[in-house]
Each structure stands twice: as structure tokens, then as C-alpha cells.
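Peer 1: Could you have a look at this structure, given as C-alpha cells, before my questions?
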Amino acid sequence: MLGFWPSLPAVVCDRRLTVLASTPLARALSEAFEPGENLVRFVFLSPRRRESSEHWASSAQATVGLLHGTVDERDPDRRTERMLGEVSTHSRGFSQLWADPRVLPPQTGTVAIEDTAAGDVLLHFAVLDGPRPADTLVIVFAPADDPARQALSRLALSSSSPDRRAR
Numbered sequence: 087m088l089g090f091w092p093s094l095p096a097v098v099c100d101r102r103l104t105v106l107a108s109t110p111l112a113r114a115l116s117e118a119f120e121p122g123e124n125l126v127r128f129v130f131l132s133p134r135r136r137e138s139s140e141h142w143a144s145s146a147q148a149t150v151g152l153l154h155g156t157v158d159e160r161d162p163d164r165r166t167e168r169m170l171g172e173v174s175t176h177s178r179g180f181s182q183l184w185a186d187p188r189v190l191p192p193q194t195g196t197v198a199i200e201d202t203a204a205g206d207v208l209l210h211f212a213v214l215d216g217p218r219p220a221d222t223l224v225i226v227f228a229p230a231d232d233p234a235r236q237a238l239s240r241l242a243l244s245s246s247s248p249d250r251r252a253r
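The sequence shown lines up with residues 87 to 253 when you count with the working numbering.
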């Protein structure tokens, strides 16, 4: 499915927001989009997170909202409960957002991906349900402005190198 969006960053996640697949452009944007990476752990537990950044709060809220949407649809299993416990124990910010009933699953929004190889990139995103019954979701990103469009063009060139395509 991701092959239809070669010029857009797109990510397929399971219901715990673990990345199952991503386009080369998504991987060029952030190591958060590498297959096997969990977006919740990345946003809240990564040593590279920057809670003080102006964009972190909106990314954190969108991530918790997405997790709420996928977990609330199904009874949490042990793997989900372990992940929630781990992140709650180590991140007060996660615990506060997880307990806030106003944090809802976003279908669209805007996020900033900071410190990419092309600088900070402002992106719109849309969340699509993945194929059923796999309990997946697809997040597709698009540039929010001309600087983001230019940054994505530069990243697309670097992500098309043979070393990046092998992933």
C-alpha cells in the first residue's frame, strides 16, 4: 500500500503504534518511523525527545490521542498493558495526557518534525484505517507550507540513495 505514495511520508502502525512499515521519505524524516520503533516510546522515552521544544506538546497530544483511539477500540492485552505501565512509570507527561479525557484521537492535524537532515519540517497529517482485520492504521503526511515542501524534496533525494532504499 505504501508503494502508492512514493513522494509522501507515510507510516503503517499497529494498535500499539509500533511502526510496521514506512516509506523511505518517512524514514528520512525521523528515526521514529523506522519499522519496529514504537511512536509512544519514541515521543515520551527517547533520550532525544525535547519536551521543552515548542512543538513537542502537540506531537505528544496527537500520539496519546492516536493510542487512545486504537486501545479504546479493543480490550488491552498484556503487551499493551505492559507498554502503558512502562511509559506511565517513566513519563509524567504521558501519564497526565493519558488520564485527560479531552485528549481525543485525531483524524487530521499538524505536527513539526524537528532536526531532520533538512531542518524543521511542518507537516499536515491524516490518519486512515488500515486493512482489516489487521488492527492497523496508516498515517500520511503532507507538507504544510513551501519550506516543508522544499525540505521534503531535499529529503526525497537523499532517501532515494541505494543505502536508504535497502531498509
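Beta carbons are placed, not taken as given, at the ideal position from N, Cα and C, and that holds for glycine.
#1: When you compare each of W142, G155, V173 and V126 to F223 by their alpha carbons, which one comes out closest?
#2: Which residue from E172, A203, Q236 and L183 puts its Cα closest to that of S116?
#3: Can you check the region 165-219 for any alpha helix (DSSP H) of at least 4 residues that lies completely inside it and give the ranges in chain order?
#4: If we require 3 or more residues per run, which beta strand (DSSP E) segments fall completely within the region 97-156?
#5: Tell me the rounded alpha-carbon separation between D231 and V189.
#6: From what residue to what residue does the alpha helix (DSSP H) around A237 run?
#7: When the Cα of V150 is compared with those of P133, T196 and R102, which residue comes out closest?
#8: Answer with buried or exposed for A252, where buried requires no fewer than 16 other C-beta atoms within 10 angstroms of its C-beta.
#9: Give the range of the beta strand (DSSP E) segment to which P229 is assigned.
#10: Helix, strand or coil: which one does DSSP assign to D163?
#11: Give a yes or no on whether the C-beta atoms belonging to G179 and A148 are separated by under 8 Å.
#12: Are there any heavy atoms of the ligand GDP lying less than 7 Å away from the beta-carbon of A230, as far as the coordinates show?
#13: Indicate the three-state DSSP secondary structure (helix, strand or coil) for L88 in the structure shown.
#14: Smallest Cα separation from A234: which of G216, D215, E123 and L208?
Peer 2: A quick look at the data gives this:
#1: The sequence given here has Leu at residue 223, not Phe. It is G155 whose Cα lies nearest to the Cα of L223.
#2: A203
#3: List check, alpha helix (DSSP H) in window: 178-185.
#4: 105-108
#5: 26 Å
#6: Per DSSP, A237 is one residue of the alpha helix (DSSP H) stretching across D232 to S245.
#7: For the residues P133, T196 and R102, the minimum Cα distance to V150 belongs to R102.
#8: Summary for A252: the model assigns pLDDT 40, below 50, so the residue's position carries little reliability; its value from the coordinates is reported in the next sentence. Exposed.
#9: L223 to P229
#10: coil
#11: no
#12: In terms of ligand content, the structure shown is empty, and the ligand GDP therefore cannot be addressed.
#13: In the structure shown, L88 sits in a helix (DSSP, three-state: H, G or I).
#14: L208
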